[in-house]
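Structure first, commentary second.
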Amino acid sequence: MAVAPQILAIDLGTSGMKAALVAADGTVTGWAERPVPLVVLPGGGAEQDPVAWWDALAEAVADLGREFPEHLRAVTTICSSTQGEGTIAVDANGEPLTQCISWLDMRGAAHLKKQFGGFPAYSGMSVLKIARWLRLTGGMPSVTGKDPAAHMLLVRDEMPAIYAKTATFLNVLDWINLKLTGRTVATVDSILTSWVTDNRVATDIKYSPALVAASGIDADKFPPIVKCTEVIGRLAPQAADHLGLPSSVQVVAGAIDNTAAAIGAGTIRDNEPHLYLGTSSWICAHVPAKKTDVVSGIASIPCALPDRYLMTALQATAGANLTWLRDKIVEFDDPIVSAGHVSRDEGTIFDAFDKIIPSVPAGADGVLYMPWLYGERAPVDDPNLRAGFLNISLETTRSDLLRAVFEGVALNTRWMARAVDKFLGAPVQSMVITGGAARSNSWCQIFADVLGMEIRRDANPVVVNARGAGWIGAVGAGMIDFADIPDLARNDHVFEPGADRATYDGIYETYTLLHKQLAPIYRRLNRPGQN
């Protein structure tokens with residue numbers, strides 16, 4: 001039987017480069033990945049090497065070719081999903097002048113406030129400028145400095161020689177597309193957090209001359225904007241050689257990760273949310289209109305659907321809490337996980353944790369965990385928050401701490417979900433859960449109990465971004481329409497709230513007090529220059 005046409009879906013996350021072979025019906029045949037390190041620097045810096053991404057992509061594609069040669073030969077289209085809010089300064093030849101300044105990087109915060117300060121001010125930012133951002137874009141630069149608006153100012157002010165050589169500032173997706181095609185573009189979603197676009201009409205996202213002029217960045221350093229489904233070219237000769245693919249393969253622009261996940265989860269219909277659990281997490285839902293909740297930091301933003309927006313509520317760290325626990329607290333030869341026959345593979349660590357979690361009652365024997373390892377984005381935008389355990393006693397075990405981490409992320413998501421309910425205008429009753437961390441049965445059940453709602457798990461949650469990129473590529477290539485996707489999506493299990501729901505209702509009341517009580521302390525401990 002002939003192999004159906006395949007989309008090579010690139011999924012570049014914070015943890016590394018992944019590549020998959022995806023058919024138009026959403027079938028993911030092949031999957032390969034390579035880790036790429038994140039370098040954390042003093043003063044709030046976080047960087048990755050874009051050349052390492054490109055090299056890792058070639059290795060992943062070579063793996064696919066060895067295991068699925070016929071499917072790789074059937075590739076007609078490439079489409080990418082990448083982490084968002086990273087920034088790379090690129091010269092006139094398309095070569096990177098900097099490492100990628102990651103979405104976790106906060107070094108530009110002071111430069112942001114210097115550029116956009118004024119009286120009256122909110123969090124160091126001019127209220128008049130904030131009002132213009134909200135009206136035109138639906139959001140505003142994060143005062144944490146964790147997006148390109150601040151990253152570009154960091155380069156301008158602290159790396160003036162590099163700024164002078166910069167032809168274009170590119171987000172992560174844009175740089176991958178440049179390497180693939182030789183063409184410099186940004187998508188309607190990748191350009192968002194440069195905060196220079198007029199997003200008032202979903203079908204006509206464009207630069208705002210006023211916002212560009214006020215940005216402090218030369219206008220010619222911003223790339224042209226295209227739709228996520230646009231075919232931006234064919235493989236450049238060097239890219240074709242690098243990947244071992246024919247130059248006839250077309251490249252569809254693609255999307256950043258939360259946009260792609262909303263497509264990959266099959267949640268195409270209005271107000272239909274999904275919860276993504278990865279290094280970070282988010283609740284997203286497509287909505288018909290641009291809207292912003294300033295207090296909670298939730299907005300509807302440009303997305304892959306040409307006539308819709310994507311409501312996005314972002315939790316800064318979710319699965320990262322488990323990575324921290326795994327790497328810094330629980331060693332792999334530790335008896336706590338040895339019964340699970342754990343190797344250094346993220347999939348099997350969930351199997352081991354799922355053996356432990358049910359042995360601890362709901363509420364983790366009184367231990368509470370706050371999952372703010374690197375600040376928070378929604379429902380509060382506060383870079384000073386940090387993680388912590390509360391109410392540890394002499395009787396507390398590491399198993400208690402483990403369950404408390406799972407519960408803490410879920411409790412924080414419930415805090416965010418209440419703001420989502422308000423934004424959507426009605427309580428969410430059911431939600432798709434997806435992303436790599438959704439492999440944990442225990443965690444899915446905890447989410448159902450803590451959120452008090454039906455949780456429908458994606459049948460293959462690890463590949464949701466790749467599947468989303470595949471479907472965006474398939475739409476761009478004319479293989480399917482977006483309206484076909486809900487019937488193609490698959491769930492493998494429905495988790496219903498159980499008897500522990502009442503326990504979590506009480507714990508949540510306590511949890512909601514923590515931010516108010518602890519935020520001033522974290523602000524004092526983590527003010528600039530303090531640590």
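Using the UniProt record's numbering, the first residue of the sequence shown is number 1, and each one after it goes up by one. Beta carbons: idealized from backbone N, C-alpha and C, even for Gly.
Take the Cβ of N93 as the centre, count every other Cβ of all protein chains shown within 10 Å, and call the residue buried at 16 or more, exposed below. exposed
Span of the alpha helix (DSSP H), counted from its first residue to its last, around R439: Taken as a continuous stretch (DSSP letters only), R439 belongs to no alpha helix (DSSP H), as it is neither H nor E.
Are there three or more Cβ pairs, one per stretch, closer than 8 Å when the segment 510-517 is compared with the segment 110-128? no
Is the separation between the beta-carbon of V249 and that of V75 shorter than 9 Å? yes
Between Q83 and G139, is the Cβ-Cβ spacing less than 9 Å? no
According to DSSP, which residues form a beta bridge with L385? As far as DSSP is concerned, L385 takes part in no beta bridge.
In the DSSP assignment, the alpha helix (DSSP H) including N93 goes from what residue to what residue? Unbroken run through N93: none, as it is neither H nor E.
Within a Cβ cutoff of 7 Å, which residues of the same chain sit near D157, ignoring the five residues on either side of it in sequence? H111
By the three-class DSSP mapping on this structure, what secondary structure does A32 have? Strand.
Option in T144, E395, D351 with minimal Cα separation from R107: If we check each option's Cα against that of R107, T144 comes out closest.
Measure how close the beta-carbons of V405 and L322 come, nearest whole angstrom, since I'm counting them as under 8 Å. 7 Å
For N271, which of M431, Y207, E230 has the nearest alpha-carbon? M431
For the putative contact between C284 and P273, defined by C-beta atoms under 8 Å, what is the C-beta separation to the nearest angstrom? 7 Å
Could you tell me the boundaries of the beta strand (DSSP E) in which M17 lies? 16-23
Taking R457 as part of the alpha helix (DSSP H), name the residues at either end of that continuous run. From DSSP, R457 is part of no alpha helix (DSSP H) but of the beta strand (DSSP E) over 454-458.
Mind checking who H286 pairs with in its DSSP beta bridge? L310
Put P273 into one of helix, strand or coil per three-state DSSP. strand
If you draw a straight line from the C-alpha of K114 to the C-alpha of I130, how long is it? 14 Å
Delimiting residues of the alpha helix (DSSP H) encompassing S300: Segment 298-302 is the beta strand (DSSP E) holding S300; no alpha helix (DSSP H) there.
Close beta carbons around G45, own chain, < 7 Å, minus the five adjacent residues each side: D105, R107
With which residues is A9 paired in a DSSP beta bridge? A20, C79
Enclosing alpha helix (DSSP H) for R132 [first to last residue]: 127-136
CA-CA distance, A219 and A364? 53 Å
Distance, Cα to Cα, D458 vs S281? Straight-line measurement puts the Cα of S281 at about 15 Å from the Cα of D458.
Once DSSP output is grouped into helix, strand and coil, what is the label at L451? It is helical.
Buried versus exposed call for D204 [16 or more other C-beta atoms within 10 Å across all chains shown]: exposed
Residue from L41, D49, L57 with nearest C-alpha to L8: L57
Coil, strand or helix - D220 by DSSP: helix
Among residues of its own chain, excluding the 5 on either side of K179, which ones have a beta-carbon nearer than 7 Å to its beta-carbon? W54, A239
For A339 and Q445, what's the separation of their Cα atoms in angstroms? In this prediction, A339 has a pLDDT of 42, which is less than 50 and means its spatial position is unreliable; nothing more can be read from the coordinates.
Pull up the CB-CB distance for L402 and L325, whole angstroms please, since I reckon it's below 8 Å. Rounded, the Cβ-Cβ distance is 7 Å, consistent with contact.
Out of curiosity, what's the CA-to-CA distance linking A261 and R308? Using only the alpha carbons, I get a separation of about 15 Å.
Quick check on K206: does DSSP put it in helix, strand or coil? Reduced to three states, the DSSP call for K206 is strand.
Residue range of the unbroken alpha helix (DSSP H) whose run includes Q429: Here Q429 belongs to no alpha helix (DSSP H), and DSSP marks it neither H nor E.
Excluding sequence positions up to five away, which residues of its chain have a Cβ less than 6 Å from the Cβ of K18? D11, E33
Roughly how many angstroms lie between the CA atoms of A24 and A483, to the nearest whole one? 13 Å
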